[in-house]
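For the sequence shown, this note's numbering gives the first residue as 3, with consecutive numbering after it.
Here a beta-carbon is modelled for each residue, glycine too, at the ideal position from N, C-alpha and C.
Below: one structure, written as structure tokens.
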Amino acid sequence: MALPPGATPGKDSKNHTLRLGDVTITALTDGSINFDPRNLFPETPLEAWEPYYERFPEYFSGTSFRNNLGSFLFSSGGKNILADTGFGPHGLMLGYPAPGELMRDMLRKGLNPEDVDTVFLTHLHGDHVGWNMSERDDPSKPAFPNARYRVHAHDWDHFSSEEMVSGPRGEAMQRSVMPIEKLGLLDLMDGSTQLAPGIEAYHTPGHTPGHMSLLISSRNERALLIGDIAGSPMQVTETESLYTPDTDAELARKTRKDIIERAVEENAMVIGSHLSYPGWGRIITWEGRRYWKALGE
Ligand SMILES: [Zn+2]
3 MALPPGATPG KDSKNHTLRL GDVTITALTD GSINFDPRNL FPETPLEAWE PYYERFPEYF
63 SGTSFRNNLG SFLFSSGGKN ILADTGFGPH GLMLGYPAPG ELMRDMLRKG LNPEDVDTVF
123 LTHLHGDHVG WNMSERDDPS KPAFPNARYR VHAHDWDHFS SEEMVSGPRG EAMQRSVMPI
183 EKLGLLDLMD GSTQLAPGIE AYHTPGHTPG HMSLLISSRN ERALLIGDIA GSPMQVTETE
243 SLYTPDTDAE LARKTRKDII ERAVEENAMV IGSHLSYPGW GRIITWEGRR YWKALGE
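Written out as structure tokens, the structure reads:
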């Protein structure tokens, strides 16, 4: 697909389109939700977040987190890859009504779901698969009719087990992932996989067993799409905090530190599902600590 109306190569268009070498990246959002941070960071007292109020004012609403549900469209070499499909229009997320904005946001930005070739799922949590199926028109059909859906085999194995499907996280699997597999649209990956020129998926386990990130590399520019390796901007700094959605807390901490190091070494942008919209930034060092700093401000 062409650049969205008004987009200029090399420039941030209306704060949601970015050109990285020959790759165009469009930030999309399913909306944002507010929640009490203690829901996901039970060992971190509320006061510990106060030093971040000034740095990330967009991320706080009082003491609550205001968490973006981000997706990204990567266009390269004639291919369009949508990374993650939000929470969808599925009631409450962490007790907060889910906005379910993704499909509207795509239309607003001049993007057509029929032009998506690949739906890349960083992992199979409910807030990353919510619009896999065509929820508003016909929930028995895929929302991206010409796309193959791709996920790491370890996530499929973990989340499609009978125990998981019938458990508390099972609803999203039943509604949004199992039908994709039944329709024969799911392709499993078991290692680094080239998705388009300059776009490679690779395994970054810990948050979930099969969590994958994207390395975008084009004309000497680099970016890392890190999915939920950092579930909030503060986790780039607070790499040790216990984050309950992590399946394997120790491995998640290691992966988080490794990917931040890699971003620094390669001077790569860091793009994340729950980093402040539009979701891209760079790692900076301030008084010996690393921080994520949003771009486009
Ligand atoms: Zn998430």
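Since residue i and residue j are thought to touch, with beta carbons under 8 angstroms apart, how far apart are those beta carbons, to the nearest angstrom?
| i | j | result |
| --- | --- | --- |
| VAL238 | ARG292 | 6 angstroms |
| THR128 | PHE89 | Note on identity: in this sequence residue 128 is Gly, with Thr being the wrong assignment. Confirmed, about 6 angstroms. |
| THR206 | THR257 | 5 angstroms |
| ASP230 | PRO211 | So it is not a contact: roughly 13 angstroms between Cβ atoms. |
| VAL272 | TRP288 | Not confirmed; about 16 angstroms, so no contact. |
| SER178 | VAL131 | 4 angstroms |
| ARG68 | ASN41 | Between ASN41 and ARG68 the Cβ distance is about 14 angstroms, and since that is not below 8 angstroms, they are no contact. |
| ILE201 | LEU22 | Not really, about 10 angstroms apart at Cβ, beyond 8 angstroms. |
| SER278 | GLU52 | Between GLU52 and SER278 the Cβ distance is about 17 angstroms, and since that is not below 8 angstroms, they are no contact. |
| GLU103 | ASP32 | 5 angstroms |
| ILE182 | LEU188 | 5 angstroms |
| ILE261 | LEU226 | 6 angstroms |
| MET166 | MET175 | 7 angstroms |
Which residues does DSSP pair with residue i in a beta bridge?
| i | result |
| --- | --- |
| ILE201 | ALA198 and ILE218 |
| LEU188 | TYR151 |
| MET271 | ALA225 |
| ALA29 | PHE74 |
| ILE83 | PHE76 and THR120 |
| LEU2 | What the structure shows of the chain is the stretch from 3 to 299, and residue 2 is not part of that stretch, so it cannot be assessed. |
| TYR98 | MET95 |
| TRP158 | Per DSSP, none; premise fails for TRP158. |
| ASN17 | Paired residue(s): none; ASN17 is not in a bridge. |
| ASN36 | ARG68 |
| MET135 | PRO144 |
Determine the closest residue to residue i out of the options, with distance taken between C-alpha atoms.
| i | options | result |
| --- | --- | --- |
| TRP133 | ASN82, ASP230, ASN36 and LEU30 | LEU30 |
| ASN70 | HIS127, ASN148 and GLY233 | GLY233 |
| GLU252 | HIS209, GLU268, LEU277 and THR120 | HIS209 |
| SER78 | ASP129, GLU49, ASP24 and LEU48 | ASP24 |
| LYS259 | GLU240, GLY33 and PRO280 | GLU240 |
| GLY97 | PHE146, ILE83, ASP38 and LEU48 | ASP38 |
| ARG57 | PRO235, SER142 and LEU244 | PRO235 |
| ILE27 | HIS18, ALA174, LEU277 and PHE122 | HIS18 |
| ASP117 | ASP140, HIS92, ASN82 and HIS125 | ASN82 |
| GLY186 | ALA100, HIS276, PRO280 and ARG152 | ARG152 |
| HIS156 | ASP119, ILE228, MET180 and MET214 | MET214 |
| SER136 | PRO99, ALA254, ALA270 and ARG106 | ARG106 |
| GLY72 | PRO99, ALA50, GLU45 and MET108 | MET108 |
| ASP2 | HIS125, GLY112, PRO44 and GLY274 | The chain is shown from 3 up to 299; residue 2 falls before or after that span and cannot be answered. |
| PRO47 | LEU244, ILE261, GLY93 and GLY200 | LEU244 |
| ALA50 | THR249, GLU60 and THR65 | THR65 |
| PRO99 | SER34, ASP250 and LEU227 | SER34 |
| PRO199 | TYR55, ARG221, ASP189 and ILE286 | ARG221 |
| ARG264 | ARG110, GLU164, GLY169 and ARG224 | ARG224 |
| ALA149 | ASP139, THR87, ALA174 and MET175 | THR87 |
| PRO141 | TYR54, SER63 and HIS92 | HIS92 |
| ALA85 | ALA270, TYR55 and PHE146 | PHE146 |
| ALA296 | HIS276, GLU45 and TRP282 | TRP282 |
| GLU45 | GLY274, GLU242 and GLU267 | GLU242 |
In terms of residues, what are the limits of the beta strand (DSSP E) holding residue i?
| i | result |
| --- | --- |
| ARG68 | 66 to 78 |
| ASP107 | Taken as a continuous stretch (DSSP letters only), ASP107 belongs to no beta strand (DSSP E), being part of the alpha helix (DSSP H) at 104 to 110. |
| PRO59 | Where PRO59 is concerned, there is no enclosing beta strand (DSSP E), given that its DSSP letter is neither H nor E. |
| PRO144 | 140 to 144 |
| ALA296 | 291 to 296 |
| ARG171 | Neither: ARG171 is in no beta strand (DSSP E) and is coded neither H nor E. |
| GLY283 | 282 to 288 |
Along the alpha helix (DSSP H) that carries residue i, what are the first and last residues, could you check?
| i | result |
| --- | --- |
| VAL326 | Only positions 3 to 299 of the chain appear in the structure, and residue 326 is not among them; the question remains open. |
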